[in-house]
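Have a look at the structure below, then the notes.
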Amino acid sequence: MAHFEKATSIKDWLNQRLALDKVEKVMASEYWIPKNINFLWAMGMVLAITFTLLLVSGIFLLMYYQPNVDTAFDSVNYTIMQEVGFGWLWRHIHAVAASVVFLIIYIHMLTGIYYGSYKKGREMIWISGMLLFVTFSAEAFSGYMLPWGQMSYWAGMVITNLFSAGSLELNGVVEWIRGDYVPGQAFLNRFFMLHVLLLPLAIIALIGIHFAALRIPHVNNQDGEEIDFEVESKKYLEGDKAGSKVIRFANDFMSKDMFVVSVFLMFFFYLTFWNYGFAMDPVNFDPANGLVTPAHIYPEWYFLWSYEILRPFGKDVGLIAFAIAQVIFFALPFMDRSQNVAPANRRGLFGIWFWAMVVDLIVLTAMGKLPPEEPYSTIGKIAAYLFFVLWIALPFITKSEKKL
Amino acid sequence: MKKELFILSVVVAFSLLTYWLVEPFAHSVMHPHVETKGFQYNGSSDIAEVDNKISKIRKDIEIEKAKEKPEDKKLSMLEADMKVAEERRDAKKVFWADVERIAALKGDAAAGEESYVTACTGCHMQGAVSMGGVVPPDLKTAGALYERHYLIGLIKDPAMASNVDHKFSIVRSHQMDSVKYMITGDQDIVNIIAYLQEIAPKQDEITPEVAFEDACGRCHDVRYNNWTIIGTKPTFKDRRNEMAFDIKHLDAQEGITGYMGKLPPDLSMYIRSRGAHYIEAFVEDPQQLLLGTSMPRVGLNAESAEKVIAYLEEAGDPKAEERNRIGMYVMIYMIFFILAAFLWKKQIWKDLH
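If you're matching them up, the sequences are chains A and B in order.
The opening residue of the first sequence carries number 950 in our numbering; numbering runs sequentially from there.
The opening residue of the second sequence carries number 1097 in our numbering; numbering runs sequentially from there.
Here it is, written out as structure tokens:
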């Protein structure tokens, strides 16, 4: 057993047992971040705050939500939205945060791609981040089932149908997932469990892994410069704060983060109070009805790009394309054959690749929502082909990239 | 700093573009905007709807004729459809022209009362019984709720005025069709309306509840306001009484389902699922937004339509005012938050640059 002395203060008492000072150093004051960064580096903190908003608002919603096909709709739209004091506020925060979190995730991902923050030792940051993206997607989908509106029901029907694997007609698998022939009580219960227990647990664990993955390779910077953190942090601690290339996580980096977070929150609350329609689809304010199919069924905006990769092809090809699109981003660190860690605009063809991918994803997103009519279906089909052409081209254009 | 603002503008531009594409643009494609006509009823949308149908049939005929081997049977069917549609359009034109002509006459309320008692009270009375699924409404608010042209049309030809004539043919007629044979004089029509307007309460005495319950509530439940098609559901202490009420409610629903072909939906959340504009356009002319629907035109005037919307807002979105108020507080708080965060950052970073 370690040696303990009589404590001189409460802090000292705790220090002897929990090493608070050391933890504080490792986690905050001597966790070194490059100085050469812009506000896009604050998206991690913005995501952490948004996830906290989701968690807290979710806890309050959970106190009144009833996972029952007969009462779910009214427990959300009447009990929570009308009877419970400020229930509407928690629901709006939860719904808007669930949508906005994907906007930030996409910005966070594209930032990583643009600055090359997924390679040369940072592969695990990227992969754990992608795992978070997939888990968040499952979390968003399962949450969307809970109000048991028309879109909940029909999105649940369509998405679970995907597991019949096209011409393989694995209808038994679909029934097994649903616990019924169509979405019903068993279906609602299991998605409720996934949404409030299993998936949040997985997300919290993955956030821990994502943070841990940052430790050794460190955060990237605006120029992709390789920094000697030992030397630079020593310089900082010796008093040359302006000359050092690194800053403390707290309060240096944190103070900038919080400024970005504050601006983000203003935007977020504007959406929560006045412009929430994009996150709370009007169709879902009709109760689930298995006998009436809505005129237009579409997923939430953040799934539209992959939905549009599924839609323009035949059943089997579409499913395969969709399955590949879901996982292809995991492979990014290995398909990029260039050794350069630098902003995309300094990497020649890769710069074009990056912006083409951004535009293609936006086109896919737009066409995924529009009804499958001309000219939208043709545009969508071309964009879906382009998506794969870009991925096939990636190893070749990065292999021939000049070393910077 | 300049660079950061440039990056921010790129991120914002792409986000806004995506937003515009998936929200305003996509919704304008999926749900084309329908203008309301200020709750004036002159049949223009009714006639336009049949015109639309006629041009569609004409196109089909042309397509069929352009084929190498046009099918005679199909062609003759299309031509028969065409004839029916053209007849319908002509009938509508004549009907609405008549309404316009009758509207110019001045009504005499005293004479109207006499006609009203002989022609209307047989069915329209307190505690009226169901007629094939619907209960004829008590008309004491009708003069204030409904627009005059519509009322003229309704007395002249109920199916035409409600724009549901497609539902009825020789074998099946509108529940109120007999009025056509009971009130035949144009002057009689305007007299009755003058009488209805005289007995009706003043506009400001009609609450959103009354407007909704009289105009919409005989077919539509609004469970978030405790409204059922047989009236407001009381709070029961005794379960037996509650069940008796529920059974009465179910019976009424069954009746209305038989009459309409489908149970008219509960409107509790319609203000969020459809929005005020859609509901206004729908109430003005249901066929315009849902072609073939069995819902009749309601014929509300502009003031009553506003009250119906107010009622639905109260049912489905009663926290709108609170939302705006709290939202403003949060915005003010956020301004201070941003300022504080900015000053903190500045203070910390002054040694770092």
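For glycine and all other residues, C-beta sits at the position ideal for the given N, C-alpha and C.
So, at 7 Å on beta carbons, what are the nonlocal neighbours of residue 1272 (chain B) in its own chain, with the 5 sequence-adjacent residues on each side left out? 1254
Kindly identify the DSSP beta-bridge partner or partners of residue 1195 (chain A). A:983
Minimum Cβ-Cβ distance from residue 1444 (chain B) to chain A less than 8 Å: yes
What does a CB cutoff of less than 7 Å around residue 1413 (chain B) pick up in its chain, not counting 5 residues either side in sequence? 1367 and 1368
Beta-carbon separation of residue 1384 (chain B) and residue 1130 (chain B) under 8 Å? yes
Looking at C-alpha atoms only, which residue of B:1309, B:1220 and B:1447 is the closest neighbour of residue 1325 (chain B)? B:1309
Within 8 Å, do at least three Cβ pairs link the segment 1197-1209 of chain A to the segment 969-987 of chain A? yes
Quick check on DSSP: helix, strand or coil for residue 1318 (chain B)? strand
Going by the beta-carbon positions, is the gap between residue 1290 (chain A) and residue 1120 (chain A) smaller than 8 Å? no
Out of A:1155, A:1159, A:1105 and A:1113, which one is the CA nearest neighbour of residue 1134 (chain A)? A:1105
With a threshold of 8 Å between beta-carbons, can residue 1242 (chain A) be considered close to chain B, or not? no
Under 8 Å, do residue 1365 (chain B) and residue 1234 (chain A) count as touching if we go by C-beta distance? yes
How many angstroms separate the CA atom of residue 1337 (chain B) from the CA atom of residue 1203 (chain B)? 47 Å
Quick one: residues in its chain with C-beta nearer than 8 Å to the C-beta of residue 1131 (chain A), no 5 flanking neighbours on either side, listed in chain order? 1106 and 1239
Using 8 Å as the limit for Cβ to Cβ distance, is residue 1115 (chain B) near chain A? yes
Inter-residue spacing [alpha-carbon to alpha-carbon] between residue 1399 (chain B) and residue 1240 (chain B): 9 Å
Excluding the five sequence neighbours on either side, which residues of its own chain have a C-beta within less than 6 Å of the C-beta of residue 1316 (chain B), listed in chain order? 1360 and 1363
Touch test, the segment 1204-1211 of chain A against the segment 1031-1048 of chain A, Cβ-Cβ under 8 Å, three pairs minimum: no
Is the separation between the beta-carbon of residue 1242 (chain A) and that of residue 1340 (chain A) shorter than 8 Å? no
If I'm right that residue 1062 (chain A) touches residue 1303 (chain A) with Cβ under 8 Å, what's the distance once you round it to whole angstroms? 6 Å
Would you call the CB atoms of residue 1225 (chain A) and residue 1045 (chain A) closer than 8 Å? yes
For residue 1354 (chain B), collect the residues of the same chain with a Cβ closer than 7 Å to its Cβ; drop the 5 residues on either side in sequence, then sort them by chain order. 1229
Can you list the alpha helix (DSSP H) stretches of 4 or more residues lying completely in the segment 987-1035 of chain A, in chain order? 992-1011
Compare the C-beta of residue 1333 (chain B) against all C-beta atoms of chain A and say whether one is closer than 8 Å. no
To the nearest angstrom, how far is it from the Cα of residue 1337 (chain A) to the Cα of residue 1269 (chain A)? 12 Å
So residue 1147 (chain B) is in the alpha helix (DSSP H); what residue range does that whole segment cover? 1140-1162
Boundaries of the alpha helix (DSSP H) in which residue 1376 (chain B) is found, first to last residue: 1372-1380
Partner residues on chain B for residue 1027 (chain A), Cβ-Cβ distance less than 7 Å: 1320
Residue-chain proximity (residue 1449 (chain B), chain A), Cβ-Cβ < 8 Å: yes
Residue 1173 (chain A) to residue 1309 (chain A) span [Cα, whole Å]: 26 Å
Residue 1293 (chain B) - containing alpha helix (DSSP H), residue span: 1282-1295
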